[in-house]
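Some notes on the structure that comes next.
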Amino acid sequence: ALMITDDCINCDVCEPECPNEAISLGPEIYVIDPNKCTECVGHFDEPQCQQVCPVACIPLHPDWRESREQLMAKYERLTLAK
Ligand code: SF4
Ligand code: SF4
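What follows is the structure, given as structure tokens:
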């Protein structure tokens, strides 16, 4: 999963780009729900939020390192839940 750092300027361009609805406005800045972020695996070749963020504040979450297989399994779980 990816995460949003406190460099976020609350511009709101990433939120509508997320295919998993993993991004929302938190108490101060935008946040990513790591249980919903597949790093865009299953939807796109590149993380869409990283592509659009004007201040490049969306790195990999250090505590959520997942393999492509794990990310694909998460994608399938999220898709089935819909
Ligand atoms: Fe959403 Fe993709 Fe960004 Fe994860 S990497 S928060 S799934 S847009
Ligand atoms: Fe924050 Fe970047 Fe998302 Fe804008 S695109 S709300 S700066 S994380």
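Residues are numbered in the UniProt record's numbering as their position in the sequence shown, beginning at 1, plus a constant of 1.
Heads up, the beta-carbon is just placed ideally off N, CA and C, and yes, glycines get one too.
Tell me the DSSP secondary structure of residue i in three-state form.
i	result
Val42	coil
Val32	strand
Bridge partners of residue i, per DSSP?
i	result
Leu3	Leu61
Give me the residue from the options with the minimum Cα distance to residue i.
i	options	result
Asn11	Glu67, Pro20, Gly27, His44	Gly27
Glu40	Trp65, Asp7, Asp13	Trp65
Glu29	Thr6, Asn21, Glu70	Thr6
His62	Tyr76, Cys54, Cys38	Cys38
Asp13	Thr80, Cys54, Pro60	Cys54
Phe45	Leu79, Gln71, Pro20	Pro20
Under a Cβ-count criterion, where at least 16 other Cβ atoms within 10 Å of its own Cβ denotes burial, should residue i be classed as buried or exposed?
i	result
Gln49	buried
residue 85	Residue coverage of the chain in this structure runs from 2 to 83, which leaves residue 85 outside it and unanswerable.
Leu3	buried
Ala82	exposed
Only counting the same chain, and skipping five residues up and downstream in sequence, which positions put a Cβ closer than 6 Å to that of residue i?
i	result
Glu67	none
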